[in-house]
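Residue numbers (my numbering): 14 to 156.
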């Protein structure tokens, strides 16, 4: 359970139907209700907190990674801060991200005149390249 979402994983349809019944009974006893329009009871893939989870692995949400890939070169502190905020949220999918994001932290500080250096541009482009590669976070071991 996450906030108002319930995720149920099962290895077989039979197990899944049994798990669903247990969850429904628990909800009924607690007088909690589901929204039929939001219920997706037999999904093979789901989106959870910018993660795409299927029976084999956990992936980054491609839409979020696409936003990183298409981000325009920052022109002010706020642009860098917003970019780094999104990148930090997706950092677990991008190996060695701190090597490229750490130098950009200096560009995100507004204690001096904004200056976009070649080093910042190189780091920015490397982050976009990491996002483009869309790595798998974790292979799921059914054992």
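For each residue, glycine too, the CB sits at the ideal point set by N, CA and C.
Model, not experiment: these values are computed from the prediction.
Item                                                                                                                                                                                              : Value
Please go through the same chain and pick out, in chain order, the residues whose beta-carbon is closer than 6 Å to the beta-carbon of residue 12, but skip the five residues on each side of it. : The displayed coordinates of the chain run from 14 to 156. Any statement about residue 12 would go beyond what the structure contains.
Residue 144 and residue 133 look like a contact to me (Cβ under 8 Å); what is the Cβ gap, rounded to whole Å?                                                                                     : The Cβ separation is near 17 Å, so there is no contact.
Classify residue 140: buried if its beta carbon has 16 or more other beta carbons within 10 angstroms, exposed otherwise.                                                                         : buried
In whole angstroms, what is the alpha-carbon distance linking residue 108 and residue 116?                                                                                                        : 16 Å
If you reduce the DSSP assignment to three classes, tell me which class residue 85 lands in.                                                                                                      : coil
Looking only at its own chain, which residues have a Cβ that is under 8 Å from the Cβ of residue 127, when we skip the five neighbours before and after it?                                       : 88, 89, 90 and 120
Quick check on residue 113: buried or exposed, where buried means 16 or more other Cβ atoms within 10 Å of its Cβ?                                                                                : buried
Is the Cβ-Cβ distance between residue 33 and residue 54 less than 9 Å?                                                                                                                            : yes
What are the complete beta strand (DSSP E) segments, minimum 3 residues, inside the stretch 31–66?                                                                                                : 58–61
Going by the CB atoms, is the gap between residue 99 and residue 77 shorter than 9 Å?                                                                                                             : yes
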